[in-house]
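Just below is one structure, and these are the notes that go with it.
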Amino acid sequence: MSAIDQSSTVRPSLRPSLHSPGVKFFVICGLTLALMIPMLFVWMLIEDRQSYEVQVVQEVAESWGAEQSVAGPFLVVPFRGSFTNTQNGVTTNVSRKDFLIVLPDEMTATVRSEVSLRERAIYEVPVYHADTLIEGRFPARDKIMERLPEGYAPQWGDAFIALRIQDPTGLREVPGLRLGAAPTPVDFVPSLNLPQSDGYGGLHLSLPDGALEETLFFSVTMAFNGTQSLSFAPVGQTSSIRMTSDWQHPSFGGGYLPDTYVLSADGFEADWSVPYVARSYPQFWRYSDQNISPLFAKAVKVGFVEEADSYQLVSRSAKYAILFLATGFLAVFLLELRAGTRVHAVQYVLFGFGLVIFYVLLLAFAEVTGFGPAYAVASGAVAALNGGYVSAIFGQVRRGAIAALSLLGLYGLLYIILQVAAYALLVGALIAFGVLALTMYATRSVDWSGAIGAPAD
776 MSAIDQSSTV RPSLRPSLHS PGVKFFVICG LTLALMIPML FVWMLIEDRQ
826 SYEVQVVQEV AESWGAEQSV AGPFLVVPFR GSFTNTQNGV TTNVSRKDFL
876 IVLPDEMTAT VRSEVSLRER AIYEVPVYHA DTLIEGRFPA RDKIMERLPE
926 GYAPQWGDAF IALRIQDPTG LREVPGLRLG AAPTPVDFVP SLNLPQSDGY
976 GGLHLSLPDG ALEETLFFSV TMAFNGTQSL SFAPVGQTSS IRMTSDWQHP
1026 SFGGGYLPDT YVLSADGFEA DWSVPYVARS YPQFWRYSDQ NISPLFAKAV
1076 KVGFVEEADS YQLVSRSAKY AILFLATGFL AVFLLELRAG TRVHAVQYVL
1126 FGFGLVIFYV LLLAFAEVTG FGPAYAVASG AVAALNGGYV SAIFGQVRRG
1176 AIAALSLLGL YGLLYIILQV AAYALLVGAL IAFGVLALTM YATRSVDWSG
1226 AIGAPAD
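Numbering (this note's numbering), first residue to last: 776 to 1232.
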């Protein structure tokens, strides 16, 4: 037999295997992985839109007030000491100045905030106005003297009270401090009045002579604007903080969760009680040993955030892209096996692009209409598009309807997964198991080595 005759004998025997369901199955697996490349661009697009949203929030914060953090008030007592220093046989007198940071023995903060939405382009940014009352007491000078280092003398005439606020540009009135039984408050002045404190926004107020002869009671009133979140440092030896707001879905964070809180249609009310032993900093310390940064190491925090951020939901839905691509291809593959009509790889790719474009539509509509309506529009559009395409491939409306309904069912399951975030892994695992079981059952009688339909001419 000649080589030509052998070739003509072998090739026909190979052709059925090249068009077998087994080979087609692995081709579809490869196409599924290949379509993850355009999905990478979708993820990049989602991140880019999220970055733009962050930029919009920053622009609003610059003109309204940033995320606010309040610490204080705290007492600052300058002290100075003179020492002799002998070096190379020469003795000189050295004067050293430092500051003693004194926190209140007791602090009670009452904060009432009103939240509104500021629109910028297609975005809405939660901003708030907060009215705050801080009351408490500082120890008398006798107790403070016990904390001064040996050899140093306090400068009581230069003592002052400081108040740390993250973004002073958000202040809408000058904060006032009432000492003891004083009938009228005294206004704070800008800056913390501490060395190397340029990075800390704040205010200070000099104390009148004799203010620390005995326990000093104080009350501070302030009103300020902020964006997205509000934090308070529990600076008292005993600290009680109460926050109320008309925002219905707060996010509690920071160093401590509230002891009690109430959520209602009118907003929320939350209470914290924090003893000083639960903090990471003491009641007294020298400024040269540690600046005031520890004050925010442990702070209570409330975030004024949207109940369900559209970008987060779109990003979470995109994480299931490979499952949807595989399941969508599987549905077409099963229809192909039952119909005996061969579907070309290019047709699978076009079908897959329809599944990928779902996420682009979802992102685009979610920015305008919100996630729920966007999801309905995107899933309906993609199901109709791919269902019509499958009808054209097989020449039967019924098979296209099966494909469209299968996609709608998958999108419905994904929506459920997105709504039950705590059980997303469980629901997703059950769906994957169910799809695998259904596939195994539907292909139990398939001849994986045979040909799908007749070979093309």
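The C-beta atom is built at its ideal place from N, Cα and C for all residues, glycine as well.
Which residue wins for smallest C-alpha separation from residue i, given the options the options?
i	options	result
L908	V869, P950, L923 and Q825	P950
Q971	Y1186, A1072, R1054 and D873	D873
D1041	V890, F1146 and S1055	V890
V1049	I1016, L1038 and L978	I1016
R871	F1140, A884, T885 and G926	G926
T1218	R1117, L1110, S1154 and R1174	L1110
G1187	A1197, I1206 and L1200	I1206
Q830	T1214, H1119, E899 and F1133	E899
F913	L1105, I812, L878 and S1014	L878
F1059	V1080, S1006, T990 and G1011	G1011
I940	V961, H979, G911 and A915	H979
F1169	Y1134, Y1123, A1199 and T1116	T1116
R893	V832, D942 and G1145	V832
V902	S1020, F993 and E988	S1020
A937	F993, A1149, S795 and N868	F993
Y1031	F1043, Y1190 and A1053	A1053
P758	L875, E1044 and V961	Residue numbering for the chain in the displayed model covers 776 to 1232; residue 758 lies beyond these limits and cannot be assessed.
R922	V851, S1039 and G1103	V851
P1069	A1120, Y975, L1105 and L1137	Y975
G856	N868, Q1194 and G1028	N868
Which of the three DSSP states, helix, strand or coil, is assigned to residue i?
i	result
P1009	coil
T1102	helix
T807	helix
Y1216	helix
Y1095	coil
N868	strand
L875	strand
E899	strand
T1116	coil
P796	helix
E1111	helix
Q781	Because Q781 carries a pLDDT of 48, less than 50, the predicted location of this residue cannot be relied on, and the following value inherits that uncertainty. If DSSP states are grouped into helix, strand and coil, Q781 belongs with the helices.
V961	strand
P1050	strand
E732	Absent from the model: residue 732. The displayed extent of the chain is 776 to 1232, so no value can be given.
T883	strand
L1125	helix
R922	coil
V1221	coil
L789	Note that L789 has pLDDT 47, beneath the 50 cutoff, so the model's placement of it is unreliable and the number below is only indicative. DSSP places L789 in helix when its eight states are reduced to three.
V1037	strand
Y975	coil
So, under 8 Å CB-CB, residue i and residue j are touching, yes? Tell me the CB distance rounded to an integer number of Å.
i	j	result
L969	Y1062	7 Å
G840	G945	2 Å
S1006	F1071	7 Å
V1103	L806	The sequence given here places Gly at residue 1103; Val does not occur at that position. The Cβ separation is near 11 Å, so there is no contact.
According to DSSP, residue i sits in a beta bridge with which residue or residues?
i	result
N1000	H904
I940	V845
S1020	S888 and F1043
K1076	S1006 and G1028
L980	I936
W1060	I876
A928	R855
V995	I909 and L952
L946	F999
L850	V877 and I936
S1015	T883 and S1048
Cβ of residue i within 8 Å of any heavy atom in the ligand ZN?
i	result
Y903	Among the components of this structure there are no ligands whatsoever, and the ligand ZN is therefore not found.
Taking contact to mean 3 or more Cβ pairs, one atom from each stretch, closer than 8 Å, check whether the segment 993 to 1007 and the segment 820 to 840 are in contact. Touching, per the Cβ criterion.
Taking 8 Å as the cut-off, does the segment 1146 to 1160 touch the segment 1171 to 1185 (at least 3 CB pairs, one atom from each stretch)? By the criterion of at least three beta-carbon pairs nearer than 8 Å, the segment 1171 to 1185 is in contact with the segment 1146 to 1160.
Would you be able to state if there are at least three C-beta pairs under 8 Å between the segment 1060 to 1079 and the segment 988 to 999? Taking one beta carbon from each stretch, the segment 988 to 999 and the segment 1060 to 1079 have fewer than 3 pairs nearer than 8 Å; the two do not touch.
Would the segment 1080 to 1091 count as touching the segment 793 to 809 if we require 3 or more Cβ pairs under 8 Å? no
State whether the segment 1090 to 1108 contacts the segment 1128 to 1140, with contact taken as three or more CB pairs (one from each stretch) at a distance under 8 Å. yes
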